[in-house]
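Residue numbers (this note's numbering): 268 to 621.
Here a beta-carbon is modelled for each residue, glycine too, at the ideal position from N, C-alpha and C.
Right, one structure below, let's go through it.
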Amino acid sequence: MNKLLIILCMTLLPIQFVAQTQDSIIGRPLKSFDLTAFCSYSSFHPSQYLTDNNWDILCAFVHPGTTAKLDSLGISYNKSQLRLLEVGDLLTSNNNVYSTKMHIFDKNETREIRRQSKEFADSIFPTIEPEIRRLVEAFNQSGYSNQVYSLIFSYLLDDYIWGDEFLTSPRSCEDHGTWSGAYWAMYENRNHEKIGTNGFGPLKQNWTDALGYWMSTSKMLALAREVLANGGNTIDNQKLINSIAGWGLTDEKGNILIPVLHRNNNDNIDSLCRAITTNLSNSVKAHCVSWSKAHNIASQQLGQVIFYHEVMWDLLDILESKKIISMPAILKGEEVGKEHFGDICFIVLDSSAD
268 MNKLLIILCM TLLPIQFVAQ TQDSIIGRPL KSFDLTAFCS YSSFHPSQYL
318 TDNNWDILCA FVHPGTTAKL DSLGISYNKS QLRLLEVGDL LTSNNNVYST
368 KMHIFDKNET REIRRQSKEF ADSIFPTIEP EIRRLVEAFN QSGYSNQVYS
418 LIFSYLLDDY IWGDEFLTSP RSCEDHGTWS GAYWAMYENR NHEKIGTNGF
468 GPLKQNWTDA LGYWMSTSKM LALAREVLAN GGNTIDNQKL INSIAGWGLT
518 DEKGNILIPV LHRNNNDNID SLCRAITTNL SNSVKAHCVS WSKAHNIASQ
568 QLGQVIFYHE VMWDLLDILE SKKIISMPAI LKGEEVGKEH FGDICFIVLD
618 SSAD
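Here it is in structure tokens:
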């Protein structure tokens, strides 16, 4: 996913209470949830408001109440904590009644949502499978065979679809003061390896929790600036070329070694991505008219973001089970050498901005 940094923190509640509510979200540590931050931010990421035992406070107020509710549950708090959560737009209050704004789905609802998303993915996949197979072949023919996995997941499923033309981007989703977008939690993680996408302007990087090779953010940003300055084919900053040598991104002359994709130029790759994404986004929008209401999500845009993220993981499972794509060794945490870092990176230039 094209999101930035996440910081996690947890606090335990009294053992007696937790034992009485084994499947409750109250008392369940933050690290046990599956949190997704689909957002952009300039100062504070939403996860940075989860200091001390603020997560326990948010879980307690999923069902609104006064501070007396915290007292009865044995959750410690002070006014500054409550105020911080309000500043972060994760909590709201009305006449001293507090209510959690971010969606935290309990065990039963999480499992129901994932049953629904799998059912949706199973039904739509046959309609997009032929075009996805043609897209894979187009990537291979373009010399991108090493990057096919990351291009299908990070570019097609987790990049191309986000924008006002299809599904909303973080910047146009919802404004929350210091951040914009969506932040929510499912009761438990999926079985699949945690995977996502980092964006540095035009430069994108696929990642997993198991990834053992990480280029510094400063070098990624420096490369992104050079890409924009030089149109995406080569870079001429010799100092930068030397500093990233051996990472599989450029050769010693500054020639770009990773895929350079031109969005909106209507070539074969772009046309296939557009056709697949149009089908997916239209189907998600239609489905979420009733789905969002059923899960008490007032905003259609937010509902589409949450539901599509679950569908995206189900589509990835299908693609892997059918062996249409296979996760490269570097994403599995294998010691393959830093030169394979280029297998999980690519560049996107928007032709419509020319």
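Please classify residue i: is it buried, with 16 or more other beta-carbons within 10 angstroms of its beta-carbon, or exposed?
i, result
"Asn345", "exposed"
"Glu493", "buried"
"Lys471", "buried"
"Ser436", "buried"
"Thr303", "buried"
"Val364", "exposed"
"Arg381", "buried"
"Gly515", "buried"
"Ala489", "buried"
"Trp322", "buried"
"Asn563", "exposed"
"Gln505", "exposed"
"Glu404", "exposed"
"Gln572", "The amino acid at residue 572 is misidentified as Gln; the sequence shows Val. By the neighbour-count rule (16 or more Cβ atoms within 10 Å), Val572 is buried."
"Arg530", "buried"
"Ser447", "buried"
"Gln414", "buried"
"His459", "exposed"
"Ser314", "buried"
Is the Cβ-Cβ distance between residue i and residue j less than 8 Å?
i, j, result
"Ser608", "Ser417", "It is worth fixing the name first, because residue 608 is Phe in this sequence and not Ser. It is not a contact, given that the beta carbons lie outside the stated cut-off."
"Leu524", "Val615", "no"
"Ile611", "Asn473", "yes"
"Ala449", "Ile371", "no"
"Phe574", "Ser384", "yes"
"Ser307", "Ile428", "no"
"Leu582", "Phe406", "no"
"Val551", "Leu434", "yes"
"Thr464", "Asp426", "yes"
"Ile293", "Ala327", "yes"
"His554", "Phe387", "yes"
"Asn546", "Ser618", "no"
"Cys440", "Gln568", "yes"
"Leu402", "Ile585", "no"
"Gly355", "Tyr411", "no"
"Ile597", "Tyr480", "yes"
"Ser343", "Asn320", "yes"
Pick helix, strand or coil for residue i, following the three-state DSSP scheme.
i, result
"Ile592", "coil"
"Trp446", "strand"
"Phe682", "In this structure the chain extends from 268 to 621, so residue 682 is not present and cannot be described."
"Ile267", "Past the edges of the chain, shown from 268 to 621, lies residue 267, and the structure says nothing about it."
"Ile511", "coil"
"Tyr308", "strand"
"Met453", "strand"
"Asp356", "coil"
"Gly609", "helix"
"Asn465", "strand"
"Val415", "helix"
"Val603", "coil"
"Asp290", "coil"
"Leu279", "Because the pLDDT of Leu279 is 34, which lies under 50, any placement of that residue in the model is unreliable, and the question is left without a value."
"Ile614", "strand"
"Phe284", "Low per-residue confidence applies at Phe284: pLDDT is 39, beneath 50, and the placement is therefore not dependable, though the value from the model is reported in the following sentence. It is helical."
"Leu302", "strand"
"Leu470", "strand"
Looking at C-alpha atoms only, which residue of the options is the closest neighbour of residue i?
i, options, result
"Val603", "Ala477, Gly410 and Gly294", "Ala477"
"Leu325", "Gln315, Leu349 and Tyr308", "Leu349"
"Pro331", "Leu352, Thr359 and Asp584", "Thr359"
"Thr517", "Ser347, Met487, Asn532 and Thr334", "Met487"
"Leu351", "Lys599, Ala561 and Thr445", "Thr445"
"Lys589", "Gly410, Asp426, Glu404 and Arg400", "Arg400"
"Ile502", "Gly513, Asn522 and Ile511", "Asn522"
"Asn362", "Phe387, Gly355, Ser347 and Thr333", "Thr333"
"Lys368", "Ala561, Asp442, His554 and Glu460", "Asp442"
"Gly468", "Trp481, Gly341, Ala496 and Ser310", "Ala496"
"Thr475", "Leu317, Tyr316, Lys599 and Pro313", "Lys599"
"Trp580", "Gln408, His312 and Lys461", "Lys461"
"Ile508", "Gly498, Glu519 and Lys560", "Glu519"
"Asn456", "Leu357, Gln414 and Thr377", "Thr377"
"Asp373", "Leu297, Ser510, Ser557 and Glu601", "Leu297"
"Ala512", "Gly498, Ala596, Lys560 and Lys605", "Lys605"
"Gln408", "Gly499, Asn535, Lys560 and Gly498", "Asn535"
Hey, is residue i's beta-carbon within less than 8 Å of any beta-carbon in chain D?
i, result
"Pro526", "Absent from the structure is chain D; it holds one protein chain and no more."
Q | Length-filtered (4 minimum) alpha helix (DSSP H) runs lying within the stretch 313–379 | A | 321–327, 334–340 and 346–354
Q: With a floor of 4 residues, list each alpha helix (DSSP H) that falls wholly inside the stretch 517–587, ordered by position along the chain.
A: The stretch 517–587 contains these whole alpha helix (DSSP H) runs: 535–561.
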